[in-house]
Ligand code: FPP
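Quick look at the structure:
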């Protein structure tokens with residue numbers, strides 16, 4: 030592979046994805062391959078989180094969404110859940126000053142009521158400390174699943190309709206999108222999944238309707254700037270047609 034600086038020149042800054050979403054997979058396998066504990070894989074995964082956040086911010090990505098803990102992840106062994114919760118809380122506390130320094134704004138998506146009190150506190154402190162930041166928006170999905178989010182949106186709309194606040198006939202795509210955790214945020218242009226598996230796992234099902242999908246065998250702890258750059262360059266080689274023909278897109 031060419032060296033990073035050379036490869037970076039191949040990236041067209043005018044055609045960067047505005048929003049990149051990532052399913053960070055492969056921490057456990059990374060640890061197993063080294064005969065280490067799964068917790069070591071998660072701890073190493075945090076280095077990737079920091080690295081990819083920094084790189085996204087440096088190259089001018091506006092939104093980075095990370096699937097850090099799914100609703101289904103609550104079903105993992107309690108020790109692993111506890112470990113992940115403290116790791117997430119600890120990381121946010123530790124990284125917040127750096128995020129502020131780099132003008133990165135934290136957003137939290139998910140059923141935060143289910144998170145342990147001290148983790149929720151670290152996250153809320155992070156959100157508050159970075160509220161004024163105007164650079165990269167870092168969206169952390171925690172206790173998140175798309176079906177949870179869509180069900181919550183349906184409940185909210187039904188409640189409003191029952192109260193007569195909205196007319197069911199007037200509910201359109203924008204109304205529903207506005208009830209999601211990502212309301213007001215552009216849909217992901219690029220969805221990356223590391224770790225070799227090719228599925229969506231209940232992540233942003235509504236929002237990725239027209240996202241470009243990129244699957245890589247690289248395990249999340251090994252996902253470095255070079256691997257990320259490959260995904261971004263691959264994205265820039267794709268033709269996004271949004272249902273139109275290739276000729277229509279080219280004529281634009
Ligand atoms: C998937 O790998 C990874 C997770 C379920 C956890 C990801 C969380 C982090 C990297 C910490 C994030 C921290 C912050 C602050 C955002 P896996 O355990 O499913 O790996 P496997 O498929 O190889 O077993």
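Numbering (this note's numbering), first residue to last: 30 to 281.
From the three backbone atoms N, C-alpha and C, an ideal C-beta is built for every residue, glycine too.
N- and C-terminal bounds of the beta strand (DSSP E) containing residue i
i           : result
residue 123 : Counting along the chain, residue 123 falls outside any beta strand (DSSP E), though it belongs to the alpha helix (DSSP H) covering 107-130.
residue 146 : Here residue 146 belongs to no beta strand (DSSP E); instead the alpha helix (DSSP H) covers 146-158.
residue 48  : 48-52
residue 67  : That residue, residue 67, is in no beta strand (DSSP E); its alpha helix (DSSP H) goes 67-88.
residue 135 : 134-138
residue 175 : Here residue 175 belongs to no beta strand (DSSP E); instead the alpha helix (DSSP H) covers 175-191.
residue 237 : It is not in any beta strand (DSSP E) - residue 237 carries neither H nor E in the DSSP assignment.
residue 11  : The requested residue 11 does not occur in the structure, where the chain is confined to residues 30 to 281.
residue 222 : 219-222
residue 95  : 92-99
6 Å Cβ shell around residue i - same chain, five flanking residues per side excluded
i           : result
residue 269 : none
residue 139 : 170, 171, 172, 173
residue 68  : 112
residue 134 : 159, 162, 166
residue 206 : none
residue 215 : 47, 48
Residue i to residue j span [Cα, whole Å]
i           : j           : result
residue 183 : residue 211 : 15 Å
residue 73  : residue 65  : 11 Å
residue 277 : residue 271 : 11 Å
residue 96  : residue 176 : 14 Å
residue 279 : residue 267 : 13 Å
residue 132 : residue 167 : 10 Å
residue 136 : residue 128 : 12 Å
residue 61  : residue 275 : 45 Å
residue 163 : residue 79  : 18 Å
residue 170 : residue 258 : 23 Å
residue 204 : residue 32  : 46 Å
residue 111 : residue 63  : 22 Å
residue 186 : residue 201 : 11 Å
residue 227 : residue 143 : 28 Å
residue 76  : residue 116 : 12 Å
residue 261 : residue 109 : 32 Å
residue 99  : residue 145 : 15 Å
residue 153 : residue 281 : 44 Å
Cutoff 7 Å; reference residue i; Cβ partners in own chain excluding five residues on either side
i           : result
residue 85  : 49, 93, 165
residue 118 : 147, 148, 151
residue 37  : 258
Neighbourhood of residue i by C-beta distance below 8 Å, restricted to the same chain and skipping five residues each side
i           : result
residue 217 : 46, 48, 49, 50, 92, 94, 233, 236, 237, 240
residue 89  : 42, 45
residue 181 : 208
residue 101 : 174, 230, 231
residue 58  : 70, 224, 248
residue 264 : 46, 218, 219, 241, 243
residue 39  : 262
N-terminal and C-terminal residue of the alpha helix (DSSP H) that residue i is part of
i           : result
residue 210 : Where residue 210 is concerned, there is no enclosing alpha helix (DSSP H), given that its DSSP letter is neither H nor E.
residue 267 : Premise fails: residue 267 is in no alpha helix (DSSP H) and is neither H nor E.
residue 36  : 33-37
residue 57  : 56-61
Query raised in the report: Is it a yes or a no for the region 42-62 touching the region 205-225, going by three-plus beta-carbon pairs under 8 Å?
Result: Yes: the two stretches touch, three or more of their Cβ pairs being nearer than 8 Å.
Query raised in the report: With contact counted as at least three CB pairs below 8 Å, one residue from each stretch, are the region 75-83 and the region 248-262 in contact?
Result: Short answer: they touch.
Query raised in the report: So does the region 118-137 actually touch the region 185-200, counting three or more Cβ pairs closer than 8 Å?
Result: Output reads no: the region 185-200 does not touch the region 118-137.
Requested in this report: Could you tell me whether the region 185-192 touches the region 154-165, using the rule of 3 or more Cβ pairs below 8 Å?
Outcome: Flag = no, the region 185-192 and the region 154-165 do not touch.
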